[in-house]
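Here is the structure we will look at, set down as structure tokens.
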Amino acid sequence: RETKAAHWSRTCPIYFLTMQTALALALLAPAAAFVAPAPASTGVKVQETKADLEALAVKLNPVVGYYDPLGLADADFWGRGNEYTIGWLRHAEIKH
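Have a look at this one:
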């Protein structure tokens, strides 16, 4: 009398292949724990002032030029300085 696994592997090869794939994945999954973490990114720190923004605006779009109707370039979020606020706003603009 043959076992169920032998019967399925003989009559349904896709079952056997699926079981082999599942077993291989189950054995390889713990190996991911031993992979070294990716190094921290060394992003470029950009400190821009309002003057830098004005010069960049004229360079990128001479017709409109510098346009800041809300005055955010003069803001000081969280008391960390004007350059920090400009950097935070630029990061948020790029991210979203």
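Those letters in the sequence shown? Residues 11 to 106, by my numbering. Think of the CB as a built atom: it goes at the ideal place given N, C-alpha and C, for glycine as much as any other residue. Quantities reported herein were computed from a predicted structural model and do not represent experimental measurements.
Kindly give me the distance between the Cβ atoms of residue i and residue j, rounded to whole angstroms, as I take these residues to be in contact under 8 Å.
i: residue 96; j: residue 63; result: 7 Å
i: residue 60; j: residue 83; result: 4 Å
Reducing DSSP to helix, strand and coil, say where residue i ends up.
i: residue 92; result: helix
i: residue 68; result: helix
i: residue 82; result: helix
i: residue 75; result: coil
i: residue 58; result: coil
i: residue 112; result: Here the chain has residues from 11 to 106 only, and residue 112 is not among them.
Near residue i, what residues of its chain come up, given a Cβ to Cβ distance below 6 Å and the 5 sequence neighbours on each side ignored?
i: residue 121; result: Beyond the ends of the chain as shown, which are 11 and 106, falls residue 121; an answer cannot be given.
i: residue 68; result: 75
i: residue 88; result: none
Among the residues of its own chain, which have a CB less than 8 Å from the CB of residue i, if the five just before and after it don't count?
i: residue 30; result: none
i: residue 93; result: 57, 58, 59
i: residue 47; result: none
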